[in-house]
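Accompanying notes for the structure given below.
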Amino acid sequence: MTSLWFLAAGLLAILAIWVALFMSPRWARKARIHTRLQHPGESEEERSSFWLTRMADRLTESGLAKEDFSEIREAFAATGRSREQAQILYLIFCWMLPAFVILIGFLAFGPLGGMLMAAAGFVLPRRTIRSMGRNAEKRQNHEAVELCHMTRMLMEAGLSLERVLRLIATQARPMLPMLSIRLDRFNRMMESGAERTKALEELGENRRIPVLRSYVVLMKQSSQLGSGVSESLDQIITEAQTTERNRIREETNSIGAKMTVIMMTFMLPALFILIGGPAVISIADALAK
2 MTSLWFLAAG LLAILAIWVA LFMSPRWARK ARIHTRLQHP GESEEERSSF WLTRMADRLT
62 ESGLAKEDFS EIREAFAATG RSREQAQILY LIFCWMLPAF VILIGFLAFG PLGGMLMAAA
122 GFVLPRRTIR SMGRNAEKRQ NHEAVELCHM TRMLMEAGLS LERVLRLIAT QARPMLPMLS
182 IRLDRFNRMM ESGAERTKAL EELGENRRIP VLRSYVVLMK QSSQLGSGVS ESLDQIITEA
242 QTTERNRIRE ETNSIGAKMT VIMMTFMLPA LFILIGGPAV ISIADALAK
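Quick note, the sequence shown lines up with residues 2 to 290 if you use the numbering used here.
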């Protein structure tokens, strides 16, 4: 067993040396080229000021984790994380933490326990992050209904769309905690001189938030055609409320089936023991005599 551990350690050391000498420079060149293309105005010091940022950027731009990170990135983007924050969190929770869990699993529970811990370490963080992203999208979809209400009220008062979204992002932040991050990004793009259409596309880029997506499409059409938005906003609000009402009705109808499974699992065995227990004791006493 000891020789097997030494052999595994030697193979891992050879692999680490090969990665450090041959693969890391190649990954670093690819990451620098990609970063220069994505951020042409930033200096090398601004992009690589923190070693963890450099490591996360190399990992997410490598062929090993690029596709996996692209899926996790959508969940982080739904929670309001920037690309750099998503890269660091991805490195920590999806690679460093599983590596530590795997090491503890192999040392404490042996090969079988280590493999089980490895599977759990790689699967659970990713599922947790995706679940957080879905919850954030649902919450932003609910907040988008309130955004429609406030937009209709302020635009009927004669304010422009830019002024409306700037005012909502400033005054309605406690009511729209998740959506205010997207509104801040929209306001920054408008202040930097971007076109309204491009800023609106950035605001509604996530297609899994249907109310916000409909809101963005309406605002783009309104800016191009110059039509009113009050009746259309009322229609978006009505459709969102109808969809939410149907979802709640479906969840309510499914409670009966879930309760049936719970009763069969927990209550029926206890009921059988309570009713049939005395009969079983009586039969056992009769057979003993």
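The C-beta atom is built at its ideal place from N, Cα and C for all residues, glycine as well.
| query | Roughly how many whole angstroms lie between the Cα atoms of I246 and E240? | reply | In the sequence as displayed, the identity of residue 246 is Arg instead of Ile. Rounded to the nearest angstrom, the two C-alpha atoms are 10 Å apart.
Check: Which stretch, first to last residue, makes up the alpha helix (DSSP H) that contains A289?
Finding: L269 to A289
Which value, in whole angstroms, describes the spacing of the CA atoms of G106 and G134?
29 Å
Is the beta carbon of L180 less than 9 Å from the beta carbon of Q242?
-> no
Report task. Assign E43 to buried or exposed, taking buried as 16 or more other Cβ atoms, counted over all protein chains shown, within 10 Å of its Cβ. Result -> With a pLDDT of 47 at E43, under the threshold of 50, the modelled position of that residue is not reliable, and no figure is offered here.
- Is it buried or exposed for F110, if we count other Cβ within 10 angstroms and need 16 for buried? exposed
- Query: Is R1 near N188, with beta carbons less than 9 Å apart?
  - Reply: Summary: the structure shown does not reach residue 1, with the chain confined to residues 2 through 290, and so no result is reported for it.
### Residue nearest to P211 in terms of C-alpha spacing, selected from T244, A200, E72 and R74
T244
- Message: What I want to know is whether the C-beta of M268 ends up closer than 8 Å to one or more non-hydrogen atoms of the ligand COA.
- Response: Ligands displayed in this structure: none; no statement on the ligand COA is therefore possible.
Next on the checklist: Quick check: what's the CA-CA separation for S283 versus A289?
Outcome noted: 10 Å
For the region 74-158, which segments carrying the alpha helix (DSSP H) assignment without a break, of at least 4 residues, lie completely within its bounds, in sequence order? 84-92 and 98-157
N- and C-terminal bounds of the alpha helix (DSSP H) containing G257:
S231 to I263
query = In this structure, does DSSP put S161 in helix, strand or coil?
reply = coil
Terminal residues of the alpha helix (DSSP H) in which A200 lies
R197 to L204
- prompt: Since S231 and R153 are thought to touch, with beta carbons under 8 Å apart, how far apart are those beta carbons, to the nearest angstrom?
  reply: 5 Å
- Item | Same chain, Cβ closer than 6 Å to M191, five either side skipped, listed in chain order | E163 and A200
Given this structure, state the Cα-to-Cα distance separating F267 from R197, to the nearest angstrom.
58 Å
Original post:
What span of residues does the alpha helix (DSSP H) with N188 cover, start to end?
Top reply: L180 to E192
_Option in T54, G64 and Y216 with minimal Cα separation from S83_ = T54
Backbone secondary structure at M176 - three-state DSSP: coil
From R183 to Q222, what does the alpha carbon distance come to, in whole angstroms? 20 Å
Assuming the contact rule is C-beta atoms closer than 8 Å, Q88 and T61 should be a hit. Round their C-beta distance to whole Å, please.
5 Å
Given this structure, state the Cα-to-Cα distance separating A1 from M151, to the nearest angstrom.
Any property of residue 1 remains undetermined from this structure, which presents the chain solely from 2 to 290.
*From P270 to M118, what does the alpha carbon distance come to, in whole angstroms?*
33 Å
| Coil, strand or helix - S63 by DSSP | coil
Determine the burial state of D286: buried for a count of at least 16 other Cβ atoms within 10 Å of its Cβ, exposed for fewer. exposed
| query | So what's R209 in DSSP terms, helix, strand or just coil? | reply | coil
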